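Notes follow the structure.
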Ligand code: HMG
Ligand code: MG
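Residue numbers (the numbering used here): 6 to 313.
Here it is in structure tokens:
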């Protein structure tokens, strides 16, 4: 058996479900708040350990998530589940504290142009804003994630240097984030690059603090996850149904689909604690409020088979 199997992979993986945030932020048609709440409640029942519920960003930047306060207050908080929200600045943190949030994510990028378009700051300005946000969130006892976008390529600048990713990751680690998610915002990464970045980062911080966030624009996301697993990375972001994209990254398509990641991991004997069938039901329920089909291959295969 051993000669034919991938060896020394993590036995358990943490899935961070980003559908309600990264997925919905990219939907053009306004999704009714009640549908978002039902969707998140169904994801909670699927055993997902972390659900990114919404963003406390400017409603002018992301109109779809202007109902963040109501969504966050109304979702059922299941014991043991971390409900994460995006916070870009002090104003976002004020809103999050007001809504009873216990876990936040700050977000910047490895390339300047994307950072400017996304949050209207330079990378340095964003890190300086986040130092204040993280300090205050820590004092509130919150759990804190840091995102770095464009780690494998920028829609405006093209190639991104590994050293630039590492410098931002170090800054986020030093200010006290608990976990850092390495984003392939426009889905250009290939497995060799994943191994290179993972090696570079592991020289600087424990692998337990690293997550990877793949968009599946060119169909390489699952291959990238296998490469990351071989580098002992055991935290992956995904969105149910394959929803997603970033309005500030032209051409970026959905996140790798949670159903596809679960099928892959469970087939490889890696535990997640997540019920694929229940994720599928959450995706199916949300699909009724969307004006397009879901892209997850596993979701489609299960639907076509007509089970459930
Ligand atoms: P700005 O225009 O420079 O900021 O935007 P501002 O301070 O001048 O504020 C502009 C207006 O927004 C003001 O309102 C503020 O009050 C308001 P006005 O006076 O014009 O009426 N405002 C806010 N309102 C609510 N909540 C707030 C807030 N802050 C300001 N927190 C800003 C700067 C950062 C606010 C804006 O650019 C923004 O909100 N950007 C968010 C963009 C975003 O959410 N992008 C998608 C998420 S990142 C992503 O998808 C990548 C990821 O998935 C990883 C990957 O794939 O790579 C994480
Ligand atoms: Mg993303």
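Note that the Cβ used here is the ideal one computed from N, Cα and C, for glycine as well.
Quick caveat, the model's predicted, so the values are computed rather than measured.
The Cβ-Cβ distance between residue 27 and residue 301 does not fall below 8 Å.
Under the 8 Å Cβ criterion, the region 261-274 counts as touching the region 229-244, having at least three qualifying pairs. The C-beta separation of residue 203 from residue 236 comes to about 4 Å, placing the pair in contact by the 8 Å criterion. At least 8 Å separates the beta-carbon of residue 111 from that of residue 90. The continuous alpha helix (DSSP H) containing residue 303 extends over residues 302-310.
Pairing residue 14 with residue 210, the inter-Cα distance amounts to about 19 Å.
Secondary structure note for residue 218: its beta strand (DSSP E) is the uninterrupted segment 215-219. For residue 183, the secondary structure class from DSSP, reduced to helix, strand or coil, is coil. About 6 Å separates the beta carbon of residue 54 from that of residue 86, a gap short enough to meet the 8 Å contact definition.
Beta-bridge partners of residue 157 (DSSP): none assigned. Runs of beta strand (DSSP E) with 3 or more residues, each lying fully within the region 69-98, are found at 87-91, listed in chain order. Under the three-state reduction of DSSP, residue 111 is assigned to strand.
Residue pairing of residue 152 in beta bridges, as defined by DSSP: 112 and 186. Here the C-alpha atom of residue 100 lies approximately 37 Å from the C-alpha atom of residue 225. Relative to the ligand HMG, the beta carbon of residue 13 is positioned no closer than 7 Å to any heavy atom. Two segments are said to touch when three or more pairs of C-beta atoms, one from each, lie closer than 8 Å; by this definition the region 72-81 does not touch the region 115-125.
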